[in-house]
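Mature numbering (1 follows the signal peptide of the UniProt record, and there is no 0) puts the sequence shown at residues -23 to -1, 1 to 158. Note that beta-carbon positions come from the ideal geometry of N, C-alpha and C, so glycine has one too. These numbers come from a predicted model, not from an experiment. Report on the structure given below.
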Amino acid sequence: MRKFQWLLSTISLSLALMTGCNASAPNTGPESTAAANESSNSSTKDIAAAEVNDAVKAAEKYKNAEYEIKASEDILSAESVEQRNAAIKPYLTEQFYEKASSTRYTILPLKVADKQKVSLKPVDLQCDLREKRENTILLNYKLNLLFLDQEGKETKRIPIDGILTLFYVMGNGLYRVIHLM
């Protein structure tokens, strides 16, 4: 009987030591899990904020390129329209560029500048996040479009607002406009 007690005691002691050693392994309690999740969440938020910032920069560059028009005699010439489309193309997806240029959307500011005999200049541009999806960011934008006479004096100020949809283009790491509202 003593042999069984001794054997049973040894097994119990061994089992207790093994359980204790395994429990003192790396800390995987709720505190360390929460810290790991917090670190992961903050890096995810940083990445998301950087993506939105990149999209806002792309939107600002596009809107400035779209509305910055210098008055000239041949503003609607084929060469001028070609230069205009070439200036805007880097900010648009290929599909949207084809649609915008074929519908002559890209030359609307040129037509306005020609008809009014003014230069155009966007000012006070503001872009705010409307929605973020996997590879797409929607931004609300507001700006004032200045009409400038030959001397560069403001003749008119028109507020413009809308929504820009920007798509992340894989491979070159840039956001491009895919839709305007």
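Open item on the list: Looking at the strands, I want to know which residues DSSP matches up with Phe73.
Closed with: Stepping through the sequence shown from its first residue, residue 73 is reached at position 96. Phe73 is not bridged to any residue.
Task: Rounded straight-line distance, which links the Cα of Lys130 to that of Arg107 - done: Position 130 of the sequence shown holds residue 107. Position 153 of the sequence shown holds residue 130. Distance between the alpha carbons of Arg107 and Lys130 is about 34 Å.
Task: 8 Å Cβ shell around Leu87 - same chain, five flanking residues per side excluded - done: Within the sequence shown, the letter at position 110 stands for residue 87. Here the set comprises Ile46, Ile52, Leu53, Ser57, Val58, Arg61.
Task: Nearest-angstrom Cα separation, counted from Glu50 out to Ile24 - done: Within the sequence shown, the letter at position 47 stands for residue 24. Within the sequence shown, the letter at position 73 stands for residue 50. Their backbone Cα atoms lie some 47 Å apart in a straight line.
- [ ] Report the rounded CA-to-CA distance for Leu143 versus Ile135, giving the unit in angstroms.
- [x] Indexing the sequence shown from 1 puts residue 143 at position 166. Indexing the sequence shown from 1 puts residue 135 at position 158. Each residue's Cα considered, the two are about 24 Å apart.
Task: Cross-strand partners of Glu45 (DSSP beta bridge) - done: To locate residue 45, count along the sequence shown from 1; it is residue 68. DSSP lists no partner for Glu45.
Task: As assigned by DSSP and simplified to three states, the class of Ile140 - done: Your numbering for residue 140 matches position 163 in the sequence shown. Here Ile140 sits in strand by DSSP.
Task: Simplified DSSP assignment, three categories, for Glu37 - done: Taking the first residue of the sequence shown as 1, we reach residue 37 at position 60. DSSP places Glu37 in helix when its eight states are reduced to three.
Task: Ordered list of beta strand (DSSP E) runs contained in the stretch 110 to 154, each at least 3 residues - done: 113 to 125, 131 to 146
- [ ] Compute the beta-carbon to beta-carbon distance between Leu102 and Leu122, rounded to the nearest angstrom, for a pair I have assumed lies under 8 Å.
- [x] Within the sequence shown, residue 102 is the residue found at index 125, counting from 1. Within the sequence shown, residue 122 is the residue found at index 145, counting from 1. About 10 Å; that fails the 8 Å criterion.
Task: Cα-Cα separation between Asp126 and Asp138, rounded to whole angstroms - done: As a first step, residue 126 must be located in the sequence shown, where it is residue number 149. As a first step, residue 138 must be located in the sequence shown, where it is residue number 161. So the two alpha carbons sit approximately 23 Å from each other.
Open item on the list: For Ile140, count the other beta carbons within 10 Å of its own beta carbon; 16 or more makes it buried, fewer makes it exposed. Which is it?
Closed with: For the purposes of this step, residue 140 is taken as the residue at position 163 of the sequence shown. Counting Cβ neighbours within 10 Å, Ile140 comes out exposed, since fewer than 16 surround it.
Open item on the list: What does the alpha-carbon distance come out to for the pair residue 160 and Ser19?
Closed with: In the structure as shown, the chain starts at -23 and stops at 158, and residue 160 therefore has no counterpart that could be examined.
Open item on the list: Please state the DSSP three-state secondary structure of Lys94.
Closed with: Within the sequence shown, numbered from 1, the residue matching residue 94 stands at position 117. In the structure shown, Lys94 sits in coil (DSSP, three-state: anything other than H, G, I, E or B).
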